[in-house]
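S.K.: Questions regarding the structure given below will be posed in turn.
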Amino acid sequence: MELDSRQTIIVAVLVLFLGKYLNKKFNILRKYNIPEPV
12 MELDSRQTII VAVLVLFLGK YLNKKFNILR KYNIPEPV
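For the sequence shown, our numbering begins at 12 and goes up steadily by one.
Okay, structure coming up:
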């Protein structure tokens, strides 16, 4: 599977928003300062 630059940006943005959501949902991620992109 190969991604062009546009698809890579879209995937990166989706992962960032997923990280923000998970960081808000799970207190342990905030407690240990796990950043959203991870």
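All C-beta atoms in this analysis are idealised placements derived from N, C-alpha and C, irrespective of residue type, glycine included.
I need the boundaries of the alpha helix (DSSP H) containing Tyr43, first residue and last residue.
M.R.: Here Tyr43 belongs to no alpha helix (DSSP H), and DSSP marks it neither H nor E.
S.K.: Val22 and Leu14 look like a contact to me (Cβ under 8 angstroms); what is the Cβ gap, rounded to whole Å?
M.R.: The distance from the Cβ of Val22 to that of Leu14 is about 7 angstroms, consistent with a contact at the 8 angstroms cut-off.
S.K.: CA-CA distance, Leu27 and Ile39?
M.R.: Answer to the nearest angstrom: the Cα atoms are 18 angstroms apart.
S.K.: Is DSSP giving Leu14 helix, strand or coil here?
M.R.: coil
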